Structures are given as structure tokens and as C-alpha cells.
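Written out below as C-alpha cells is the structure these notes cover.
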Amino acid sequence: MAQSSVEAFGSIFKSMLSIKQDELKERILCLPFEAKMFLNNSRISFLDGLQTFCRLEKAYYGLQFLASGFLFPRREDYAASYLSLQTGFDHIADVAFLDQPSQEYRIAMCLKNICLIRSRLISFYRSVDENPLKLLVECASLCVSVEAWEQELSFPNDDVTVALEPIITVVWYPHFPNLYDCFSAELGVLSKLLRAQSRIADLHFIDSLLYISNASAKLESVYQIFGLPYNRGSRTHAKTPALLFWLTSFYNVLLTKYTLYWFKVLSDCISNSDETLEVAGLENPSLVTRVINFQNRTNALYVSVLFDAACQDYPYLGHGFVLPGTVGDTPTGVKSFPPIFTAPLGSSLPVAEVSSALMQISGKLNTGELAEFNKFLYSYDEKLNHTYFIQKLEYRVYLVIVYNGCRSRKDRQVSEFISYLSGVIRLTALSATLRSQ
35 MAQSSVEAFG SIFKSMLSIK QDELKERILC LPFEAKMFLN NSRISFLDGL
85 QTFCRLEKAY YGLQFLASGF LFPRREDYAA SYLSLQTGFD HIADVAFLDQ
135 PSQEYRIAMC LKNICLIRSR LISFYRSVDE NPLKLLVECA SLCVSVEAWE
185 QELSFPNDDV TVALEPIITV VWYPHFPNLY DCFSAELGVL SKLLRAQSRI
235 ADLHFIDSLL YISNASAKLE SVYQIFGLPY NRGSRTHAKT PALLFWLTSF
285 YNVLLTKYTL YWFKVLSDCI SNSDETLEVA GLENPSLVTR VINFQNRTNA
335 LYVSVLFDAA CQDYPYLGHG FVLPGTVGDT PTGVKSFPPI FTAPLGSSLP
385 VAEVSSALMQ ISGKLNTGEL AEFNKFLYSY DEKLNHTYFI QKLEYRVYLV
435 IVYNGCRSRK DRQVSEFISY LSGVIRLTAL SATLRSQ
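When we follow the working numbering, the leftmost residue of the sequence shown carries the number 35, and every step to the right adds one.
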């Protein structure tokens, strides 16, 4: 009976997102649990605690904790609710008997850590919503935090837990595969995406690809748990939870960044480079297509993405895969700012143009200050008769647009393109979509 009851709750969790709250309540009330627990200093039934947990989970996956407060000034503090529920579940764990743990204890043991980490994840998403640059400028520290939360999924090392370990192990994995796998996979998706962003920003070819691939696999597993189709493109399934759709959008943005930064490398790997362009065009968004179309539409001489290879602890030995252990000298001068993507395709930003851009960037956009992301450099070189638009995209990545002749500083097409590309590359556009999901 104990195993079937625990397994029944796991089944309820799996269908939680696809059924209404009233039906969810009815199914939980059918479980044969009689224990009591405390929630916010009130004594409630354990079944009420499970209902509260599932209600919070539905709100969490719907990103309701980010809902605007204009119409609902007294809306629930979901992070605090999770912490209160964690305390209640922890109390059940405290009164369990070593020789015969209750069914309620077995479930509470699984849920209390989840409630704690859920509250932290809510704080994480709120901070990203409030500071759009957070994913870019604090990526490494955020990743460390999420990876630490993954480790906290293990049970505490106390006398009660050690004595119950054989039973907990049996109960947790066979009968809570949906709950555990879903929660673990979500943390895995987030940590892999953050790690991928960090590696892409430093132009690590293989590491970036591996993290993106791992994130996709874990994201697909979450969709499968809830019985949803894994569509990495548009939101074609009405029941896709807002959180899953946002994580999918995060993945899509990193994928298109990866394609843009290593487009030439990827094209050189196959005999027909048009195939790479065709595949890149299927991405959503497709930065490669966007850059190429902009260059054609505005007749720009060059639209180039430059990478600052000088500010790293090891020598920059080329764009793409470099065998471990390869040695070489750190590039200097214009070679320390190699163009990693240039439109029109097949062209290369001339050394004179790189030199001109580097002189403008030096001391203005490469000091590491956050204010640099708001700066926009414009200049006209009378000698070359070229107009330059320069924007810092990431800490080590710069956009350089070159036109023949003198072009207006206030060119609307240029400003709109730079704004769009900056928003995607910096993940600020992604952060802004959290509240709108």
C-alpha cells in the first residue's frame, strides 16, 4: 500500500500541469494519508500540504511569481510560501520513527529540499527580470550557484537519514521518477545554459558545443516527463508551460550565437557552405540571416563581429578548435582583434578597417565598465571616406559596421539593427521575455 500511494502521488505530479486545480485537488484527496503538519503556524492535513505544493508548482511553471502587481497588489509571495512548506515537511521528517517510517515521511523527505531550492530559483528568476544584464555580467557566479543547488538534491547526512537510506533510495527513484527527474533536469538545463553562455563569450568552440548539446538533451527530457512535444522553434503547443518555453528560448539564443560566432568554421567543415547558411536560416532567431540581410539591404561595405583575444590568460591560437597542449604566442596589434564573422560572406574585414576600429575601441569600450554597453561609437574617416558604427556586444565581442562615404549618425536602420543584435547577444531581450511569457 505504501509504495502504491507514493507512486500515485508521482503520477499526479506528472499530470499536474495539464489538469485543472479542482481535479488536482480531488485526486490528491483520494490518497490514504492521515498525518498532520504545520503551515504558517496553522495545523493542516498532509493532503492539504500536498495540494499547496502542487498549486505552487503550477504557479512556478507558469512564471506567476513574476506577474505584475498593478491589479494584484496583495499577490502571494511564492518564494516565502515554498519556504513555509519546506518547514512543514521538515517537521514531518522530525517525528518519523526509525523502524517504520510513514508514507508521509517518505514523501516529505523528497519534497522539503525541492521547496528550499524552488524558493532560490524564484529569487534567481526575479533578479534576472529586474536586471536584464545579469545573465551576461554575472553568468559565471550564477552557474556556480545553480550547480551547487544540483548537489543539494541529495539527502542530509543525519542519523535519521542514514538509518532510512535503504528505504529512501527505494522510494525516491522508482516511485518519484517524474518529480525527481523533472526537477533535476530543470536545474541541469539552467546550469548547462549558463555554462554555455560563459564558454561562448570566451570563444571556446568545443566546450560551448558540448554544453549546448547537453542542455538540449535535458530540456527534451523535461518535455517528455510532462508528455509535451519538444519543439525548439515557435510556441506551437498551447499547453507548453511558460518556464519551459523561456528555457527553450534561452537555448535558441545560445544556439544562434554559437552559429554566428563560428559560422565560417562550421561552413569549412562541409563541402557545400550553402547548407550551413540554410540550416542557420532555420534557427529562431537567426542572427546569421539577420546580419546578412542587413548588410545587403543597407549596402554596408562590411558588417563584422570582432573578438578581443588579448585579455585572456592563455594565447589565442586561432578561431575554431585548437588541440589541447598546442603552444603559440599571444597575438598583438590588429591580430589581437580577429574578425570572427563578416558579411558579405566570403569577405574579410581589411587590416586597415580593423586598425581603425581598434583605435576607436581602445580606452573607450575595453575598460570593463558596465557603462560601456550603453556607449555607441560613430566616426567618419575622411582619408578612407568610410563611416564607422561600433558597438560593444559582450565583454570581448564588438560589432563594427563600415559604410562607404559619410552616413548619418542617426541612421534609423543602423540604430534599429544595432539595438536588436545587442539585445539578443547580451541576453537582455531574453530576460525581458520572462514577464511576458
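Using N, Cα and C, we set each Cβ at its ideal position, and we do this for glycine too.
Remember, predicted model here, so these are calculated numbers, not experimental data.
| query | result |
| --- | --- |
| Looking at the unbroken alpha helix (DSSP H) that takes in Tyr432, where does it start and where does it end? | Looking at the DSSP string, Tyr432 is not in any alpha helix (DSSP H); the run it does join, the beta strand (DSSP E), is 431-438. |
| By DSSP's criteria, Tyr336 is part of a beta bridge. Which residues make up the other side? | Val436 |
| Where do the N-terminal and C-terminal ends of the beta strand (DSSP E) with Lys70 fall, by residue? | 70-73 |
| What's the call for Asp342, buried or exposed, on a 16-neighbour Cβ count within 10 Å? | buried |
| Looking at C-beta atoms only, is the number of pairs between the region 373-383 and the region 397-410 that lie closer than 8 angstroms three or more? | no |
| Taking three-plus beta-carbon pairs below 8 angstroms as touching, is the region 242-262 in contact with the region 414-430? | no |
| With 16 as the cutoff for other CB atoms within 10 Å, does Gly83 come out buried or exposed? | buried |
| Below 7 angstroms CB to CB, which residues in the same chain sit around Met50 once its five sequence neighbours on both sides are set aside? | Leu58, Cys88, Glu91, Lys92 |
| Would you mind sorting Lys417 into buried or exposed? The rule is 16 or more other CB atoms within 10 Å of its CB. | exposed |
| Starting from Ala377, follow the beta strand (DSSP E) in both directions and report where the run begins and ends. | 373-377 |
| Would you decide whether Ile459 is buried or exposed? Buried here means 16 or more other CB atoms lie within 10 Å of its CB. | buried |
| Could you tell me the alpha carbon to alpha carbon distance between Ile156 and Tyr95, rounded to whole angstroms? | 10 angstroms |
| In chain order, which alpha helix (DSSP H) runs of at least 4 residues are fully inside the region 254-322? | 276-295, 297-302, 307-315 |
| Could you pull out every unbroken alpha helix (DSSP H) segment of at least 4 residues lying fully inside the region 144-196, listed in chain order? | 168-171, 173-185 |
| Assuming Asp56 is part of the alpha helix (DSSP H), what are its boundary residues? | 55-63 |
| Please report the distance separating the alpha-carbon of Ser45 from that of Asp56. | 16 angstroms |
| Reducing DSSP to helix, strand and coil, say where Ala42 ends up. | helix |
| For Leu383 versus Leu170, is the C-beta distance shorter than 7 angstroms? | no |
| Does the region 170-186 come close enough to the region 219-235 that 3 or more CB-CB pairs lie under 8 angstroms? | yes |
| For Ile259, which residues in the same chain have their Cβ closer than 7 angstroms to its Cβ, ignoring the five residues on either side in sequence? | Lys48, Asn212, Asp215, Cys216 |
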